[in-house]
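Here the structure is laid out as structure tokens; the discussion comes afterwards.
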Amino acid sequence: MAPLNTAAEDGYRSLACFSPDGAELAVVAADGRIRTFDVASCRLKAKW
């Protein structure tokens with residue numbers, strides 16, 4: 005749960021959704037870009 009708890013502190017304004025398999029979490033950053041996190045490693049996977 006750490007990525008969810010720290011999302012606001014790290015400049016993320018809202019959570020978008022989990023992927024269907026639950027492996028990725030998409031969030032909307034303060035700058036409006038979507039960032040995808042790999043849930044297992046708790047690391048950024050991609051930026052748009």
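Using my numbering, you'd call the opening residue of the sequence shown number 5 and step up by one each time.
Just so you know, even glycine gets a beta-carbon here, dropped at the ideal spot from N, CA and C.
Residue i to residue j span [Cα, whole Å]
| i | j | result |
| --- | --- | --- |
| A34 | V43 | 20 Å |
| D49 | R39 | In the sequence as presented, Asp is not what sits at residue 49; that position holds Lys. Their Cα atoms are separated by approximately 8 Å. |
| C46 | A27 | 10 Å |
| A30 | G36 | 12 Å |
| F41 | F22 | 9 Å |
Residue i burial status per 10 Å Cβ neighbour count (16 or more: buried)
| i | result |
| --- | --- |
| M5 | Legend: pLDDT at M5 = 39, less than 50; position of this residue unreliable, value from coordinates given subsequently. By the 10 Å Cβ count, M5 comes out exposed. |
| N9 | Residue placement at N9 cannot be trusted, given a pLDDT of 49 that sits under 50; the coordinates are not used to answer. |
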